[in-house]
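Colleague: Can you read through this structure? Questions will come right after.
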Amino acid sequence: MSFDLEDLRRAVAAHGTVVRVVIAATRGSTPRETGAAMLVWPGGQSGTIGGGALEFEAAKTALGLETDRLSQHPLGPGLGQCCGGMVTLFFEIFDSAKVAELDENVIARPAGCTGPMPLGVRNLLKRARGEGTRPVPQLCDGWMIEPVRKPSRDLWIWGAGHVGRALVQVLAPLPEFEITWIDTDLIRYPEVRPEAVRILPATRPADLVRHAPLHAEHLILTYSHSLDLELCHNLLNHGFGFAGLIGSDTKWARFRSRLADLGHAPEKIATLTCPIGEPSLGKHPQAIALGVGTALLRHGQGAMAGKLKGKRA
Numbered sequence: 110m111s112f113d114l115e116d117l118r119r120a121v122a123a124h125g126t127v128v129r130v131v132i133a134a135t136r137g138s139t140p141r142e143t144g145a146a147m148l149v150w151p152g153g154q155s156g157t158i159g160g161g162a163l164e165f166e167a168a169k170t171a172l173g174l175e176t177d178r179l180s181q182h183p184l185g186p187g188l189g190q191c192c193g194g195m196v197t198l199f200f201e202i203f204d205s206a207k208v209a210e211l212d213e214n215v216i217a218r219p220a221g222c223t224g225p226m227p228l229g230v231r232n233l234l235k236r237a238r239g240e241g242t243r244p245v246p247q248l249c250d251g252w253m254i255e256p257v258r259k260p261s262r263d264l265w266i267w268g269a270g271h272v273g274r275a276l277v278q279v280l281a282p283l284p285e286f287e288i289t290w291i292d293t294d295l296i297r298y299p300e301v302r303p304e305a306v307r308i309l310p311a312t313r314p315a316d317l318v319r320h321a322p323l324h325a326e327h328l329i330l331t332y333s334h335s336l337d338l339e340l341c342h343n344l345l346n347h348g349f350g351f352a353g354l355i356g357s358d359t360k361w362a363r364f365r366s367r368l369a370d371l372g373h374a375p376e377k378i379a380t381l382t383c384p385i386g387e388p389s390l391g392k393h394p395q396a397i398a399l400g401v402g403t404a405l406l407r408h409g410q411g412a413m414a415g416k417l418k419g420k421r422a
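Structure representation (structure tokens):
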């Protein structure tokens, strides 16, 4: 888990004062881990700390706060939950001025204590800033420490149709993905889109391939087989970390033949993955998105080509 600074900035810009509630520490069985957080403002909230009753009570507390607060919550009879563990919550009130002061890499601040920064915290920050070691979210000597969210995987989704929309819905909230979403026209995207997703409408989408990082992962699922083919061709010439194409075994057989005609060697063509998804889940767009998303999470970029394969009629 990590501190989603961009999400906090957007929430404060939209709603003014926002309370961030983060799980600072846990003991025993708990619904979420240390670092899980939610944002609360009058009339709404985003994110989750899990636990149902715990989250409900935390949101209610957040709306009545006047100062930051650290509190412990047993998840037993008091909250009517069966987890039986203990959660320490840190409530922080943020406005635009406070957000502007936050560090871009590691956020460390007092949580229920006063006085100078403890030596343990100073050493941890020194390692983080000097050696690039990202700390885990933790409560250390009365200070809350969290690394700022830095997406580690560039994911380019080609196509804003039903499956593309389902994939974005599933993957956009996940902190490790930096998503770029491409289609031919802005009207092809849904009216409501995740703010963190970069939208790139282009008359000739395949021309954008040259701008993709060489390590990027690609999911190709446009409305057009000819555009799909052009994207595959350009990606093979450009390079990628992973590239998956939606389609049937028949479609893939035709694409292999056409890509060979375009001058690509069989072993190069084999670096593309088609079909993608988990066939046992069905052909509904959300089912395809769940299958592809699960594989993306389960397997690292190096194993992607073999692990995202599926059969789709």
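Numbering follows our numbering, in which position 165 of the sequence shown is assigned residue number 274; successive positions increment by one, without gaps.
Where a beta carbon is used, it is the ideal one built from N, C-alpha and C, also for glycine.
As the structure is a computational prediction, the values presented were derived from the model and not from experiment.
Out of 270, 288, 393 and 278, which has the shortest C-alpha to C-alpha gap to residue 333?
Modeller: 270
Colleague: Suppose you measure from the CA of residue 295 to the CA of residue 349; what does that come to, to the nearest Å?
Modeller: 26 Å
Colleague: At the level of alpha carbons, what is the spacing between residue 393 and residue 277?
Modeller: 15 Å
Colleague: Return the bridge partner residues of residue 265 from the DSSP annotation.
Modeller: Checking the DSSP bridge columns, you'll see residue 265 partnered with 289 and 327.
Colleague: What's the call for residue 113, buried or exposed, on a 16-neighbour Cβ count within 10 Å?
Modeller: buried
Colleague: Which same chain residues end up closer than 8 Å to residue 213 when comparing Cβ atoms and leaving out the 5 residues on each side of it in sequence?
Modeller: 114 and 257
Colleague: Could you check whether the region 291-305 touches the region 350-361, counting it as contact only if at least three pairs of C-beta atoms, one from each stretch, sit closer than 8 Å?
Modeller: no
Colleague: Starting from residue 166, follow the alpha helix (DSSP H) in both directions and report where the run begins and ends.
Modeller: 162-172
Colleague: Which whole runs of the alpha helix (DSSP H) in the region 333-366 are 4 residues long or more, in chain order?
Modeller: If one requires a minimum length of 4 residues, the alpha helix (DSSP H) runs lying completely within the region 333-366 are 334-347, in chain order.
Colleague: Our contact map puts residue 194 next to residue 138 with C-beta atoms below 8 Å; I'd like the distance itself, whole angstroms only.
Modeller: 4 Å
Colleague: Counting pairs of Cβ atoms below 8 Å between the region 151-159 and the region 223-242, do you hit three or more?
Modeller: no
Colleague: Assuming residue 201 is part of the beta strand (DSSP E), what are its boundary residues?
Modeller: 195-203
Colleague: Who are the Cβ neighbours of residue 146 in its own chain at under 8 Å, not counting the five residues just before and after it?
Modeller: 110, 112, 113, 129, 130, 131, 132, 156 and 158
Colleague: Using the three-state DSSP reduction, which class does residue 158 fall into: helix, strand or coil?
Modeller: coil
Colleague: Between residue 116 and the rest of its own chain, which residues show a CB-CB distance below 6 Å, the 5 nearest in sequence each way excluded?
Modeller: none
Colleague: Between the alpha carbons of residue 176 and residue 118, how many angstroms are there, rounded?
Modeller: 19 Å
Colleague: In the DSSP output, what is residue 180 paired with across the bridge?
Modeller: Bridge partners of residue 180: 198.
Colleague: Would you tell me roughly how many angstroms separate the C-alpha atoms of residue 215 and residue 124, rounded to the nearest one?
Modeller: 24 Å
Colleague: On the criterion of 16 or more Cβ atoms from any shown chain inside 10 Å, does residue 372 qualify as buried, or is it exposed?
Modeller: exposed
Colleague: Leaving out five residues before and five after residue 204 in sequence, what residues of the same chain have Cβ atoms less than 6 Å from its Cβ?
Modeller: 126
Colleague: Tell me, please, whether the CB atom of residue 331 is closer than 7 Å to any CB atom in chain E?
Modeller: Given the protein chain composition of this structure (a single chain), no chain E is represented.
Colleague: With a Cβ-Cβ cutoff of 7 Å, do residue 330 and residue 272 count as a contact?
Modeller: yes
Colleague: Going by C-alpha distance, which of 370, 337 and 399 is nearest residue 382?
Modeller: 337
Colleague: Can you give the Cα-Cα distance for residue 217 and residue 162, rounded to whole angstroms?
Modeller: Linking residue 217 to residue 162 through their CA atoms gives a straight-line distance of about 28 Å.
Colleague: DSSP beta-bridge partners for residue 134?
Modeller: When DSSP reads this structure, residue 134 sits in a beta bridge with 197.
Colleague: Helix, strand or coil for residue 280, going by three-state DSSP, please let me know.
Modeller: helix
Colleague: Check for me: the alpha helix (DSSP H) holding residue 399 runs from which residue to which?
Modeller: 394-407
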